Amino acid sequence: MLTGLKRPGALFFVLLASLLVTSAAFLAFLKIDQARMHAAFASGAVEAAANGASYAERFFDHIVEYAAVSPRLEFSRISPVAWLAVADLLPLASLICERIGNETTVLHPEHDERPRSDCEKDERLPVSLDTPASGDVRQIDLLVSRNTDVGAHGQAIAAAPSGSHESGQIMSLAIEVPLTATHAIIYELDRTVLLDSFRPRRERAAGFTSDLCLFLIVVETSLQVACDERSFASSDTAQPLSQDADEHVQFKTNGTVWDIVSRPHAANPRVGVTETPFIVMAGTALLCGLICWSVYRSLVRNRRLDLQNRQLALLLARLEQQNQDLDQFATMAAHDLQAPLRFMVNQAHLLEMDIEELDRPDLQAIVEHIIAQGGRMHELMLDLLAFCRAGQDEMDVVPINPQELINNEIVKLKTNKDYRHSEVSVGDLPTSVLADRRKFALIISNLLDNAMKFSLQNEIPRVGIEASRPADTELWQFVVSDNGCGIESAHRERVFRPFNRLDTTHEGTGVGLAIVRKLVERHHGKIWITSAGSGGGTSVSFTLPNNPAAELHP
Amino acid sequence: MTDSMSLDIPIDLSDSDRPIVMVDDEELDYVSAYRFYKRSALANPFVRFEDGIAFLEFLESVKRGENALPVLVLMDINMPRMNGFEAVKNMRKDDYFSDVPVVAMLTSSTDTKDKQRAYETGVSGYLVKPFNPREYATFFESLAA
């Protein structure tokens, strides 16, 4: 049961931990910039799907800024993803234009409804911008060249100011990309699933929203971006940087800061993403795994302890229930068996009366045996009932006066002619303890009866009862002692078991001390026997809770 | 066996024409009790009914004048059809029988609940069915005294 419950949870945590470790390791093995890009794409896509337009707008702010400060863009390497983005640039371009000119309107966006199957030729998508506020007119020409000779990654084409239009500037963005069947398919897919959340690998890219695709262009092409004297730093675009200085452009997306560094002075101008050392990544992965593992361990341990606790509680409840059932069964059995036994003994008595007249002592002896054993069985049943009921009865714990109750019991026992000559000495006793009145009387009468019975063998039977309370405790310790035969230490535990008699010469079924123990334990007390051994007498001690109120109001 | 029987009020059995009624489904209990009743000094008729219903029918006939009013009812508790408590309760409903003394016949001395319930229904005493039937003799002698 335990392992069965434990396993699914453990499996889950092991899987989770290993997944985290392996994915972390995988990330570490990948180029860091790629890893970060993918991570950002994933999170970006999720965020884009969630936030929609507001996310796109934040990106455009960066892109537009970038476009505004950079009159010349060079794309030397364009991935299929970027191509897809370019193919989608038309609506973006208008949006960009909207951004550049405060209140610009997009003029004549041509070819936007062009059938896609007819895209073999170069395309030029002119977008004119009119900014009435500043009188600025800008035109961005998006040139998409469908040249099949450009190789796997396309070719850079200069994007340069292509002329002027009155006071404005015309900017051309010429992009040459290979067109393959796959791309076309992806493109077609792209048209329909444009706004879906990300998918694995290629489809994921295809599934990006347009704004993310644009972001891709910037990030991917930034590896080869060469820029003029302006810095990309969005915070301070007006500040010219020295020719030798590295240039940064920062994007902040979903908590990830993209720091793209441009080194224009280098022999091979290259913009790279700052790399985190492999060892750090691996260490992080390992740490992550360890944390996962320790969390898993502690969770499992807690779960196991929790489970064990619950199982123990269940077991306890079941045991209590079983005890109760057993007590009820014993009660019922003892009770219901009495009637048939009574008939048997009854009939035996009648038979005995008849046999008396026959003068047959042999038959008489047999019937007497039957009657005696029947009587003994009856006695056992009554004691069994008493024993069971000692555990079943309701507890009614109240402040009681032990002195009074003990004296009552002594008076009752003294009416037994066997005990007439017993000396009973009553020592110090508390005036108040917390106990069930009837059960306390039963405890006392049982213990005193035992003490008197077993001290009879002494010439002068002496029985004593007293109580004391150690200064720092809330328990009264009662001691009932006799000067009888005593009990060997080996048997001192046995006498508390029901129907366990050490001395069969005396009357009784041996259930008295078992009942007493049950009653004492129901008062949360303890009971034990001290004896000097054979002939040294016996002392039975038990504890009961003090009544604190009694001391305040004596 | 000091708690095997108890009689709260003295029972007047002097009118020896009126019967002592025992209501008990157990034949053997009746046989034992009757055996010692016969030996006792009591001369009243000794009648037995098997359960509460039969007893109530008898009471009807008493009311019609067909039978004499019992001087004492010995009532067993556990019986089929109608138990002793119900029978006594029904009998006490009728003022005609309100003064008839009833002694509850308990199966076990440990049946403190039965004892208590019997008194609540209005019995005058109880007798725990003895293991030794000679105790019936003691019981009847105490009645005759």
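Chains B and R supply the protein sequences, listed in that same order.
According to numbering that gives the first Met the number 0, the stretch in the first sequence is residues 0 to 553, in order.
According to numbering that gives the first Met the number 0, the stretch in the second sequence is residues 0 to 144, in order.
Each residue gets a CB set at the ideal place from its N, CA and C atoms; glycine is no exception.
This one's a predicted model, so the numbers in the text were calculated from it and none came from an experiment.
Within this structure, are the beta carbons of residue i and residue j separated by less than 7 Å?
i	j	result
T106/R	A338/B	yes
V425/B	I399/B	no
S3/R	V101/R	no
G532/B	D481/B	no
S538/B	W527/B	no
A103/R	V72/R	no
V70/R	R116/R	no
A143/R	L41/R	yes
R375/B	F130/R	no
Q402/B	L428/B	yes
T508/B	E378/B	yes
E542/B	Q456/B	The sequence given here has Thr at residue 542/B, not Glu. No. Outside cutoff.
G499/B	R491/B	Note that residue 499/B corresponds to Asn in the displayed sequence, not to Gly. Cβ distance not < 7 Å, so N499/B and R491/B don't count as in contact.
D50/R	R80/R	yes
G83/R	M90/R	no
L518/B	I459/B	no
L383/B	A333/B	yes
R47/R	M21/R	yes
I369/B	Q363/B	no
Are any of the Cβ atoms in chain B nearer than 7 Å to that of residue i?
i	result
T137/R	no
F130/R	yes
L27/R	yes
S123/R	no
T111/R	no
S31/R	yes
S107/R	yes
D2/R	no
Using CA coordinates, which residue listed in the options is at the minimum distance from residue i?
i	options	result
N345/B	S13/R, F48/R, Y135/R, E65/R	Y135/R
R388/B	I514/B, D417/B, P544/B, E351/B	I514/B
E367/B	A347/B, L384/B, R375/B	A347/B
N415/B	P547/B, M451/B, Q321/B, F541/B	M451/B
Y95/R	A67/R, A103/R, S39/R	A67/R
E422/B	A548/B, F498/B, V479/B	V479/B
P44/R	F54/R, F57/R, I19/R	I19/R
S5/R	Y33/R, Y125/R, T137/R, E140/R	Y125/R
N406/B	A440/B, T508/B, V279/B, K525/B	A440/B
L27/R	K114/R, E56/R, P132/R	P132/R
T137/R	E119/R, A32/R, D23/R	A32/R
D471/B	P544/B, R317/B, Y418/B	P544/B
K88/R	E119/R, K62/R, F48/R	E119/R
Q321/B	V519/B, G390/B, V397/B	G390/B
V397/B	I369/B, N449/B, A364/B, D435/B	D435/B
A548/B	D305/B, Y295/B, E473/B	E473/B
Taking 7 Å as the threshold (beta carbon to beta carbon), is residue i in contact with chain R?
i	result
H377/B	yes
F498/B	no
A389/B	no
R461/B	no
H348/B	yes
R302/B	no
R341/B	yes
L543/B	no
Q337/B	yes
N407/B	no
V515/B	no
V510/B	no
V410/B	no
N345/B	yes
Please check the pair residue i and residue j, which I expect to be a contact at CB under 8 Å, by giving their CB distance rounded to whole angstroms.
i	j	result
T486/B	S431/B	Going by the sequence as given, residue 486/B is Ile instead of Thr. With 8 Å as the limit, I486/B and S431/B do not qualify as a contact, their Cβ atoms being about 31 Å apart.
K411/B	S454/B	Their Cβ separation, rounded to whole angstroms, is 17 Å, which puts K411/B and S454/B out of contact at 8 Å.
F139/R	F57/R	21 Å between Cβ atoms; not a contact.
For residue i, would you say it is in contact with chain A, using Cβ-to-Cβ distances shorter than 7 Å as the test?
i	result
R491/B	The structure shown contains no chain A; its protein chains are B and R.
Runs of 3 residues minimum, wholly inside the segment 50-96 of chain R: which ones carry the beta strand (DSSP E) assignment? 71-75
Note down, one range per segment and in chain order, each alpha helix (DSSP H) of at least 4 residues found wholly within the segment 6-43 of chain R. 26-38
Please specify which runs of the beta strand (DSSP E), each continuous and at least 3 residues long, are wholly inside the segment 269-335 of chain B, giving them in chain order. 269-272
Which runs of the alpha helix (DSSP H) at least 4 residues long sit entirely within the segment 398-479 of chain B? Give them in chain order. Entirely contained in the segment 398-479 of chain B, the alpha helix (DSSP H) runs reaching 4 residues are, in chain order, 401-413, 436-454.
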